[in-house]
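A.B. asks: This is the structure, below, for whatever I ask next.
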Ligand code: ADP
Ligand code: MG
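Pasting the structure below:
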């Protein structure tokens with residue numbers, strides 16, 4: 023092989039490795055977690071700059087190159103420093119950008135941060151030598167190895183390969199873990215994840231920091247190879263090229279990210295260099311931009327899931343076999359007791375949760391009240407959606423909440439669940455005033471709600487939708503994920519078996535491996551109810567669980583709700599199907615125009631003229 027060819031190949035290999043690492047980082051943030059990091063290139067760049075100033079000796083006075091630090095550290099300390107710096111910068115940016123749940127806000131903040139950073143680095147000459155950038159950065163081990171330039175390139179390509187493998191093992195642990203599953207659920211529906219007890223902004227921030235650190239590592243490797251770095255290398259447009267790469271390759275798939283890095287950054291950005299030269303100066307980059315633009319359009323139109331789409335996690339076989347093994351064990355142990363295993367009975371509704379830290383129960387509170395709503399109000403721009411409502415939800419009973427459309431029923435449920443904050447009033451859950459708490463914290467108390475509009479995790483399978491809801495999963499945290507599959511396996515099998523039994527009861531086993539987003543509306547509602555049950559609620563809030571469900575399934579849902587009630591689960595249920603309310607609920611609360619109209623049994627309400635005229639007839 024000629025020297026020129028070898029140098030060309032090694033350069034491509036290094037770039038491929040660096041870009042793949044970067045794509046894995048972006049894929050983790052955007053493809054897995056749904057975080058739109060429009061400042062992505064900034065993190066790669068901080069890694070490059072920090073590596074440079076940790077590798078370079080102190081800036082010489084009298085020369086034109088000025089920069090901070092200049093610590094002249096031995097390898098791999100500059101890379102370590104770069105990784106830490108990337109993580110810290112992400113912590114700083116993310117702590118601000120990721121706090122509000124709105125993704126458009128997050129993306130905009132990151133874009134603005136990226137642009138501000140570009141300007142700062144150019145104007146602050148003393149940081150990283152301004153617009154001219156840093157150069158003559160020594161390559162690691164170059165003097166010690168004393169190789170020919172070609173041999174050194176091969177050596178460096180090998181080094182990049184090793185680092186890439188390490189990064190792959192790291193991201194693979196995360197994406198394959200229970201935590202990875204929760205992150206994908208966050209991507210699909212952050213509000214629902216919040217309602218199951220996870221603070222989305224905190225988990226997003228962790229993901230953002232990890233991605234920022236890995237992106238910085240990729241930048242550090244690159245600068246060690248090319249020996250120079252300047253603002254021209256990291257314009258905001260570069261971020262979009264990385265986005266194109268992970269979208270084209272296939273989101274939420276680590277092999278997809280690799281393919282994307284290869285195709286977009288390797289082929290599409292390389293090929294134009296070999297096209298005949300036109301007379302314009304910027305032809306090459308213009309053609310590159312145009313190609314990238316066409317590429318993303320083609321993919322968004324014909325193959326929006328990318329070349330290697332997200333892998334469907336087929337867990338049904340494992341779930342079925344663990345469920346039957348568990349059933350056999352149960353049969354052995356409970357034959358004497360003579361009780362069949364029934365996940366909808368007391369065992370399921372038993373509250374596994376501990377009271378969150380810092381929660382003090384009011385000793386004087388009535389122990390028979392699961393929820394006490396006291397003079398609660400909520401307005402939306404002058405409209406009193408809930409207007410000073412007071413009612414009780416007795417423990418261990420099913421309570422119905424009915425009223426005409428727009429009465430404020432859903433708003434009342436959201437206020438109890440913490441999805442909305444009340445403008446005034448008290449909401450006591452087990453004697454604790456939770457008014458104004460975030461939804462995740464209220465869910466940790468065991469208050470789980472279902473949504474009026476179906477809120478399944480569309481790109482998770484039905485089984486995954488159920489398992490992700492369960493509290494207390496080893497591996498469902500950053501640290502747990504890194505411990506590997508063995509650490510979380512036993513509990514995962516337990517949960518799969520539990521989920522499988524629920525699917526059997528709701529007659530949905532044939533859809534165990536179906537993406538929840540592909541189900542019918544009625545089936546999605548069932549998934550949501552099962553998911554809520556997997557979360558081990560102590561209080562279940564149901565918002566129109568039968569809306570959009572066919573009559574047969576309605577009956578199934580009704581039967582299950584009756585069994586849950588008989589098992590002692592506290593429920594508050596909004597529903598228009600009054601027959602079901604009558605059969606399931608012990609008492610009923612009626613709302614109209616944001617106010618409490620009446621409470622009592624269905625029978626009592628039928629003889630209440632005010633209720634009849636407001637709702638039951640009209
Ligand atoms: P219900 O569930 O009983 O049909 P809702 O609680 O959904 O009623 O709504 C009660 C009232 O509050 C309606 O007038 C509705 O338009 C209004 N409302 C509900 N949510 C919002 C919101 N996010 N922004 C503005 N108005 C809202
Ligand atoms: Mg409603």
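In my numbering, the protein residues as written are 23 to 640. Virtual Cβ for every residue (Gly too), placed ideally from N, Cα, C.
Can you tell me whether residue 424 is buried or exposed, with buried defined as 16 or more other CB within 10 angstroms of its CB?
C.D. replies: That one is buried.
A.B. asks: With distances taken Cα to Cα, identify the nearest neighbour of residue 259 among 536, 140, 605, 400.
C.D. replies: Nearest C-alpha to residue 259: 140.
A.B. asks: Looking at residue 565 and the ligand MG, is the gap between the Cβ and the nearest heavy atom below 7 Å?
C.D. replies: For the ligand MG, at least one heavy atom lies less than 7 Å from the Cβ of residue 565.
A.B. asks: What do you reckon, are the CB atoms on residue 104 and residue 72 nearer than 8 Å?
C.D. replies: Result yes, Cβ atoms of residue 104 and residue 72 sit closer than 8 Å.
A.B. asks: With a 10 Å radius around its C-beta and 16 neighbouring C-beta atoms as the bar for buried, classify residue 373 as buried or exposed.
C.D. replies: In this predicted model, residue 373 has a pLDDT of only 46, less than 50, meaning its place in the structure is not dependable enough to derive any value.
A.B. asks: Enumerated in chain order, which unbroken segments of the beta strand (DSSP E) with a length of 3 residues or greater are wholly contained in the segment 155-182?
C.D. replies: Runs found: none.
A.B. asks: Checking 8 Å against the spacing of the C-beta atoms, do residue 488 and residue 497 come in under that value?
C.D. replies: No, the pair does not count as a contact, with Cβ atoms beyond the cut-off.
A.B. asks: Give every residue of the same chain whose Cβ lies closer than 7 Å to the Cβ of residue 220, excluding the five residues on either side of it in the sequence, and list them in chain order.
C.D. replies: The residues are 204, 462.
A.B. asks: So, is residue 199 buried or exposed, given that buried needs 16 or more other C-beta atoms within 10 angstroms?
C.D. replies: Buried, since its Cβ has 16 or more Cβ neighbours within 10 Å.
A.B. asks: Among 474, 120, 441, 37, which one has its Cα closest to the Cα of residue 55?
C.D. replies: Out of 474, 120, 441, 37, 120 has the C-alpha closest to the C-alpha of residue 55.
A.B. asks: By alpha-carbon positions, which one of 95, 50, 626, 70 ends up nearest to residue 227?
C.D. replies: Comparing Cα-Cα distances from residue 227 to each of 95, 50, 626, 70, the minimum goes to 50.
A.B. asks: Looking at the structure shown, is residue 412 part of a helix, part of a strand, or coil, going by DSSP?
C.D. replies: DSSP places residue 412 in strand when its eight states are reduced to three.
A.B. asks: Suppose you measure from the CA of residue 238 to the CA of residue 62; what does that come to, to the nearest Å?
C.D. replies: Near 10 Å, if we compare the C-alpha coordinates of residue 62 and residue 238.
A.B. asks: Quick check on residue 255: does DSSP put it in helix, strand or coil?
C.D. replies: In the structure shown, residue 255 sits in a helix (DSSP, three-state: H, G or I).
A.B. asks: Nearest CA to the CA of residue 335: which residue from 261, 447, 533?
C.D. replies: Looking at the Cα atoms, 533 is the closest of the given residues.
A.B. asks: Taking 5 Å as the limit, tell me which residues put their C-beta closer than that to any heavy atom of the ligand ADP, in chain order.
C.D. replies: With the cut-off at 5 Å, the residues found are 402, 407, 427, 428, 429, 430, 431, 432, 433.
A.B. asks: Whose C-alpha, out of 482, 271, 127, 75, is nearest the C-alpha of residue 107?
C.D. replies: Among 482, 271, 127, 75, the Cα nearest to that of residue 107 belongs to 75.
A.B. asks: Just confirm the distance between the C-beta atoms of residue 402 and residue 618, as a whole number of angstroms; I'd bet it's less than 8 Å.
C.D. replies: Not really, about 19 Å apart at Cβ, beyond 8 Å.
A.B. asks: Kindly indicate which three-state DSSP category residue 236 falls into: helix, strand or coil?
C.D. replies: DSSP places residue 236 in helix when its eight states are reduced to three.
A.B. asks: Which value, in whole angstroms, describes the spacing of the CA atoms of residue 32 and residue 252?
C.D. replies: Going from the Cα of residue 32 to the Cα of residue 252 covers about 22 Å.
A.B. asks: So if DSSP puts residue 37 in a beta bridge, which residue, or which two residues, is it bridged to?
C.D. replies: The partner list for residue 37 (beta bridge, DSSP) is empty, contrary to what the question assumes.
A.B. asks: Taking the alpha-carbon positions, what's the residue 508 to residue 95 distance?
C.D. replies: One C-alpha to the other measures close to 38 Å.
A.B. asks: Let me know if residue 587 comes out buried or exposed under the rule of 16 or more other beta-carbons within 10 Å of its beta-carbon.
C.D. replies: Per the 10 Å Cβ criterion, buried.
A.B. asks: Under 7 Å from any heavy atom of the ligand MG, does the C-beta of residue 596 make it?
C.D. replies: Yes, Cβ of residue 596 sits closer than 7 Å to a heavy atom of the ligand MG.
A.B. asks: Have a look at residue 548 and residue 579 and give me their C-alpha separation to the nearest angstrom.
C.D. replies: When rounded, the distance between both Cα atoms is 8 Å.
A.B. asks: Say the cut is 7 Å; is the CB of residue 474 nearer than that to a heavy atom of the ligand MG?
C.D. replies: Checking every heavy atom of the ligand MG against the Cβ of residue 474, one is found closer than 7 Å.
A.B. asks: Can you give me the C-alpha to C-alpha distance between residue 43 and residue 157, rounded to a whole angstrom?
C.D. replies: Roughly 23 Å between the two C-alpha positions.
A.B. asks: Report the partner residues of residue 590 according to the DSSP bridge assignment.
C.D. replies: None, per the DSSP bridge assignment.
A.B. asks: Alpha carbon to alpha carbon, how far is residue 371 from residue 592?
C.D. replies: Confidence at residue 371 is low in this model, with a pLDDT of 41, below 50, so its placement is unreliable and the value that follows should be read with caution. For residue 371 and residue 592, the distance between alpha carbons rounds to 9 Å.
A.B. asks: How would you call residue 626, buried or exposed, if buried means at least 16 neighbouring beta carbons within 10 angstroms?
C.D. replies: It counts as exposed.
A.B. asks: Considering only the beta carbon of each residue, do residue 261 and residue 136 sit closer than 8 Å?
C.D. replies: Yes; because the gap between Cβ atoms is below 8 Å, this pair is in contact.
A.B. asks: Look up residue 448 in the DSSP assignment and say whether it is helix, strand or coil.
C.D. replies: Looking at residue 448 - three-state DSSP - the assignment turns out to be strand.
A.B. asks: Any contact of the segment 384-395 with the segment 414-433, i.e. 3+ C-beta pairs under 8 Å?
C.D. replies: Result yes; three or more Cβ-Cβ pairs closer than 8 Å.
A.B. asks: Is residue 77 closer than 8 Å to residue 151 when the C-beta atoms are compared?
C.D. replies: Contact flag unset, no.
A.B. asks: If you follow the beta strand (DSSP E) that residue 605 is part of, which residue opens it and which one closes it?
C.D. replies: No beta strand (DSSP E) contains residue 605, which is instead part of the alpha helix (DSSP H) from 600-606.
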